[in-house]
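Here the structure is laid out as structure tokens; the discussion comes afterwards.
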Ligand SMILES: Cc1cc2nc3c(=O)[nH]c(=O)nc-3n(C[C@H](O)[C@H](O)[C@H](O)COP(=O)(O)OP(=O)(O)OC[C@H]3O[C@@H](n4cnc5c(N)ncnc54)[C@H](O)[C@@H]3O)c2cc1C
């Protein structure tokens, strides 16, 4: 049974975390551990029902194909599928690992294409690598690592597709960088007319800007040229501080040219909720010599996942975990290569509780308003019915490129993982709480991330992404028949396109 058609229950735990491991006995450095349940009223999995990693997005598709060739063979297959979909008047959407959580990678009664290609060519002279759209990050790291290079920016978790990372414009934790799109030099796109268009900041710039963070609505990316950086050995530094001071301290670390990677965490223990913060920053290690091969999670990291799961409903375990992360981990963890820190899989773990599900949220906060964000979260989250298990903080520099941009200035990205009871009551509570958090973040001049659950109202989406109408109008100009379509388009953008 494929992952997309499988009903994921809490028994299936998606966990990441090598860096975190290295960084602190917690699940996933930005690699958010996630457990997802299937809604009680979902249609049963079947050959024509696809789902995403949430397990909460069952969609009946007309056709599902996987493309594993690269180059001309992939292009021919995609052209054929696109032509068939257009002739039948069906929507068409491309995807890779389908870890977006609101059916952004699916199409009702449409053609869904999964791209899974393993290749990457290194161009040392130009400090870039060329990858097919469906290459997974694990393969990119493997090839770059062997040549002494590393992706300049990638999201946490190496199971995802490179073009997907561009289409959600994901961010990572190397500093001080903008989202992944800032490191993409050019790409080739199969458009709705069946043409292949090369686009970059210099050529077809509007298409490039709309495709970056455009959730597959402008065409199918075929391949990309992406910037790379020398791999290196890094040494962690751990600092704790009052949560209200984190914004200032994080920006200082992100702007320090010696710091190469950085992330933060907040204490989620209810009795001391969001009072203390941890900042972990990595600097080049002084040792010289041959770099070890990139590895993933270590034993301590895997063991820490069990502590992580035991946090559900237990303030004592949350407090224990915070102590491990802030006081024990700094004594245990030493140097690691940049590639090892990035090379974390989404692992599977059985936590034995089918009555709960894990849900990710992410908010982008102006650093100078971080203390207000902490205060808002302290008001909204503990009074809800939800159990917050983790929050990871990262730095994202200004994004001057994409139309649907979330970083209109430097931002602190706050990634939250909640454990949610599988009940109507809990779902309604999560819906309400998400909207309230979005409202509070919008009032601070921040925004929220689009690949997760579609709880935001269309009005909140429009306020969070003010260029939505420009994006929709541009999409309509390059795809007048609206062939590239998903439930994300239907819920948040279709109305714009009609005006
Ligand atoms: C455990 C976990 C950890 C995460 N960590 C991070 C993180 O560190 N930073 C961050 O920013 N985000 C993070 N995310 C969000 C993640 O980046 C997105 O969910 C991403 O889309 C996952 O990649 P995927 O291959 O599963 O994408 P998919 O869900 O398959 O696709 C995502 C979007 O890209 C489009 N797309 C994919 N391939 C193509 C193509 N060839 N042409 C055109 N469109 C295409 C799809 O249509 C869809 O709209 C995380 C998510 C999870 C579940």
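In the working numbering, the protein residues as written are 2 to 500. Note that CB positions come from ideal geometry on N, CA and C, so glycine has one too. As the structure is a computational prediction, the values presented were derived from the model and not from experiment.
Determine the burial state of residue i: buried for a count of at least 16 other Cβ atoms within 10 Å of its Cβ, exposed for fewer.
{"i": "residue 77", "result": "exposed"}
{"i": "residue 163", "result": "buried"}
{"i": "residue 588", "result": "Only positions 2 to 500 of the chain appear in the structure, and residue 588 is not among them; the question remains open."}
{"i": "residue 319", "result": "buried"}
{"i": "residue 307", "result": "exposed"}
{"i": "residue 476", "result": "buried"}
{"i": "residue 429", "result": "exposed"}
{"i": "residue 127", "result": "exposed"}
{"i": "residue 210", "result": "buried"}
{"i": "residue 153", "result": "buried"}
{"i": "residue 400", "result": "buried"}
{"i": "residue 480", "result": "buried"}
{"i": "residue 395", "result": "buried"}
{"i": "residue 171", "result": "buried"}
{"i": "residue 335", "result": "exposed"}
{"i": "residue 203", "result": "exposed"}
{"i": "residue 517", "result": "This structure cannot speak to residue 517, because the chain is shown only from 2 to 500."}
{"i": "residue 131", "result": "buried"}
{"i": "residue 425", "result": "exposed"}
{"i": "residue 148", "result": "exposed"}
{"i": "residue 317", "result": "exposed"}
{"i": "residue 457", "result": "buried"}
{"i": "residue 482", "result": "exposed"}
{"i": "residue 208", "result": "buried"}
{"i": "residue 231", "result": "exposed"}
For residue i, which residues of its own chain have a beta-carbon under 6 Å away from its beta-carbon, when the five flanking residues on both sides are left out?
{"i": "residue 135", "result": "97, 116, 117, 118 and 162"}
{"i": "residue 64", "result": "112"}
{"i": "residue 81", "result": "none"}
{"i": "residue 489", "result": "105 and 216"}
{"i": "residue 71", "result": "118, 120 and 133"}
{"i": "residue 377", "result": "441"}
{"i": "residue 466", "result": "405"}
Cutting at 7 Å between CB atoms, please list the residues of its own chain near residue i, excluding the five before and the five after it.
{"i": "residue 484", "result": "86, 87, 92, 93 and 193"}
{"i": "residue 295", "result": "142, 146, 338, 340, 341 and 344"}
{"i": "residue 464", "result": "443"}
{"i": "residue 129", "result": "186, 226, 227, 228 and 229"}
{"i": "residue 293", "result": "338"}
{"i": "residue 155", "result": "138, 166, 173, 181 and 343"}
{"i": "residue 420", "result": "313, 357, 359, 388 and 390"}
{"i": "residue 244", "result": "267, 275, 276, 277, 278 and 375"}
{"i": "residue 331", "result": "239"}
Residues in the same chain with beta-carbon distance under 8 Å from residue i, minus the five sequence neighbours each way, listed in chain order, please.
{"i": "residue 459", "result": "492, 493 and 496"}
{"i": "residue 381", "result": "434, 437, 438 and 441"}
{"i": "residue 53", "result": "5, 99, 100, 101, 102, 103, 104, 105, 106 and 107"}
{"i": "residue 447", "result": "364, 365, 366, 367, 370, 374 and 412"}
{"i": "residue 183", "result": "154, 398, 400 and 402"}
{"i": "residue 212", "result": "167, 168, 188, 190, 200, 219, 220 and 222"}
{"i": "residue 160", "result": "98, 100, 137, 138, 139, 346 and 347"}
{"i": "residue 235", "result": "261, 262, 283, 284, 285, 286, 336, 337, 338, 339 and 342"}
{"i": "residue 427", "result": "386, 387 and 421"}
{"i": "residue 468", "result": "404, 405 and 406"}
{"i": "residue 195", "result": "80, 83 and 84"}
{"i": "residue 144", "result": "121, 123 and 130"}
{"i": "residue 197", "result": "76, 189, 190, 191 and 223"}
For residue i, is the beta carbon positioned less than 6 Å from some heavy atom of ligand 3?
{"i": "residue 158", "result": "The model on display carries ligand 1 but not ligand 3."}
Which ranges does the beta strand (DSSP E) cover as unbroken runs of at least 3 residues, wholly within the region 193-267, from first to last along the chain? Runs found: 197-201, 221-231, 234-243 and 262-267.
With three or more beta-carbon pairs closer than 8 Å as the criterion, would you say the region 237-255 touches the region 353-364? Because the criterion of three Cβ pairs below 8 Å is not met, the region 237-255 and the region 353-364 do not touch.
Any chance the region 188-205 sits against the region 407-416, with 3 or more Cβ pairs inside 8 Å? The answer is no - the region 407-416 does not touch the region 188-205, with fewer than three Cβ pairs under 8 Å.
Would you be able to state if there are at least three C-beta pairs under 8 Å between the region 324-336 and the region 174-184? Contact between the region 174-184 and the region 324-336 is absent, because fewer than three Cβ pairs lie under 8 Å.
Whole runs of the alpha helix (DSSP H) within the region 372-459, excluding any shorter than 4 residues: Whole alpha helix (DSSP H) segments, 4+ residues: 425-444.
Could you tell me which uninterrupted beta strand (DSSP E) segments, each at least 3 residues in length, are contained entirely in the region 67-140, listed from first to last along the chain? If one requires a minimum length of 3 residues, the beta strand (DSSP E) runs lying completely within the region 67-140 are 93-96, 112-116, 122-124 and 129-133, in chain order.
Unbroken stretches of the beta strand (DSSP E), 3 residues or longer, contained in the region 271-333: Runs found: 277-285.
Do three or more CB pairs link the region 277-289 to the region 255-269 at distances below 8 Å? The answer is yes - the region 255-269 touches the region 277-289, with three or more Cβ pairs under 8 Å.
Please give me, in chain order, every unbroken run of the beta strand (DSSP E) with length at least 3 that falls completely inside the region 134-193. Counting only runs of 3 or more, we get 150-152 and 185-191.
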